[in-house]
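Visitor: Please find one structure pasted underneath; my questions will follow.
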Amino acid sequence: MMIDNAFVEQANRTNVTGFGGGPSCVRSEKLHLELTHELFTEGQKAYFNCGGERRVAWTINGDGTVTSETDRLMWIQAPWGTRWEGGSTFVGEPCQLTWVDAARLFGHGLLVGLSESDTIALSASQIGSTSASAGYSRGSCRIQFSGNEDWRLPTVAEWHTVIGLEWDKSQEIFPRWRSGERYWIATGRKEPGLERYPDFLLHLFGKERHPNAWLGETSRILDQNITAQNPVMFVRTV
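In short: position in the sequence shown from 1, add 4, done, that's the numbering used here.
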């Protein structure tokens, strides 16, 4: 059921929404960072299967967005529902949505199931199969921010690029992140299940019914029932 929230009402009414007005003129130098990603292995009970470490170059753009130069992805620095007040400052509380509402409003990618060993851990090939270029259906609502309107929910593959950021520096990139917070990902979990999806999603699933979708934390990807409520982040390809 759609929650009573001004941001959701605006999205339903106008098909366009944003993060508040923000300053009319942004004058801020870009800040470049190099961060280490620690990608844990399945044996360490993380929810993905890409062990190792890599260095990633980030640019803080000074307009409420950050760009992963390595992955060619731009992110809004805070969840939807907060209000941008300039720089990296966002105030207010994020909007909480069910996955069905988030997918309907902001789009969804391809499904990905459990690993071949029937565990929740995803292999590198499964993660890669969820990229937006492999298939993505736009939602009914456009996000306007920093002069762009092609923002969307991140897929599993895109969320995987922010997992394991060095904690002390990741707060500069995503200042509203808190350890353990979860954000919906635009990827449903492919498996037979118990619930009927809304009609607008049935073309994806055929006769399969399942109750879970993927979501992301700062250190892992996991799944949750689609009726749970979580905030959402936005990304775009650059």
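No residue lacks a Cβ here, since even glycine has one placed at the ideal position from N, Cα and C.
Predicted model only: the values in this text are computed from it and were never measured.
1) For a minimum of 3 consecutive residues, which ranges assigned as the beta strand (DSSP E) are wholly contained in the segment 140 to 203?
2) Could you say if the segment 94 to 108 and the segment 123 to 140 meet the contact criterion of at least three C-beta pairs nearer than 8 Å?
3) For Trp103, report the span of its alpha helix (DSSP H) as first-last.
4) Which same chain residues end up closer than 7 Å to Arg146 when comparing Cβ atoms and leaving out the 5 residues on each side of it in sequence?
5) What is the C-beta distance between Gly4 and Leu114, in whole angstroms, given that I count them as a contact (C-beta under 8 Å)?
6) Between which two residues does the alpha helix (DSSP H) containing Val12 stretch?
7) Cβ atoms of Gln233 and Leu219: under 8 Å apart, would you say?
8) For the segment 72 to 82 against the segment 101 to 111, are there 3 or more C-beta pairs whose distance is under 8 Å?
9) Comparing C-alpha positions only, which one of Gln14, Ile131, Phe11, His36 sits nearest to Thr165?
10) Tell me which same chain residues have a C-beta within less than 7 Å of the C-beta of Glu65, skipping the five on either side of it?
11) Note the first and the last residue of the continuous beta strand (DSSP E) segment covering Gly220.
12) Measure the CB-CB distance between Arg142 and Gly117 and report whether it falls below 8 Å.
13) Suppose you measure from the CA of Gly90 to the CA of Trp155; what does that come to, to the nearest Å?
14) Can you say whether Arg17 is buried or exposed, counting buried as having 16 or more other CB atoms within 10 angstroms of its CB?
15) Would you kindly report the start and end of the unbroken beta strand (DSSP E) that includes Ser129?
16) Using only CA atoms, which one of Val242, Thr241, Asp67, Ser92 lies nearest to Pro179?
17) At what residues does the beta strand (DSSP E) containing Gln247 begin and finish?
18) Between Glu170, Arg108, Gly168, Lys173, which has its C-alpha nearest Val236's C-alpha?
19) Rounded to whole angstroms, how far is the Cβ of Val160 from the Cβ of Ile225, which I believe are closer than 8 Å?
20) Cutting at 7 Å between CB atoms, please list the residues of its own chain near Lys49, excluding the five before and the five after it.
21) With Phe149 and Phe11 assumed to form a contact (beta carbons below 8 Å), what rounded beta-carbon distance in angstroms separates them?
22) What is the residue span of the beta strand (DSSP E) that Trp79 lies within?
23) Let's see if you can read the secondary structure: which residues bound the beta strand (DSSP E) around Val70?
24) Closest to Ala61 by CA distance: which of Val95, Thr74, Asp105, Tyr187 is it?
Guide: So, to answer that:
1) 187 to 194
2) no
3) 103 to 110
4) Asn19, Val20, Glu153
5) Outside the displayed span of the chain (5 to 242) sits residue 4, for which this structure offers no information.
6) 10 to 18
7) no
8) no
9) The shortest Cα separation from Thr165 among Gln14, Ile131, Phe11, His36 belongs to Ile131.
10) Here residue 65 turns out to be Asn, not Glu, going by the sequence shown. Correct list, in chain order: Lys34, Thr71.
11) 216 to 220
12) no
13) 19 Å
14) Exposed: under 16 other Cβ atoms inside 10 Å.
15) Ser129 -> not in any beta strand (DSSP E); alpha helix (DSSP H) instead, spanning 128 to 132.
16) Ser92
17) This structure does not reach residue 247, given that the chain is present from 5 up to 242, and the question cannot be answered.
18) The residue with the shortest Cα to Cα distance from Val236 is Arg108.
19) The C-beta distance from Val160 to Ile225 rounds to 6 Å, short enough to fall under 8 Å.
20) Because the pLDDT of Lys49 is 40, which lies under 50, any placement of that residue in the model is unreliable, and the question is left without a value.
21) Between Phe11 and Phe149 the Cβ distance is about 13 Å, and since that is not below 8 Å, they are no contact.
22) 77 to 80
23) First-last of the beta strand (DSSP E) with Val70: 69 to 72.
24) Thr74
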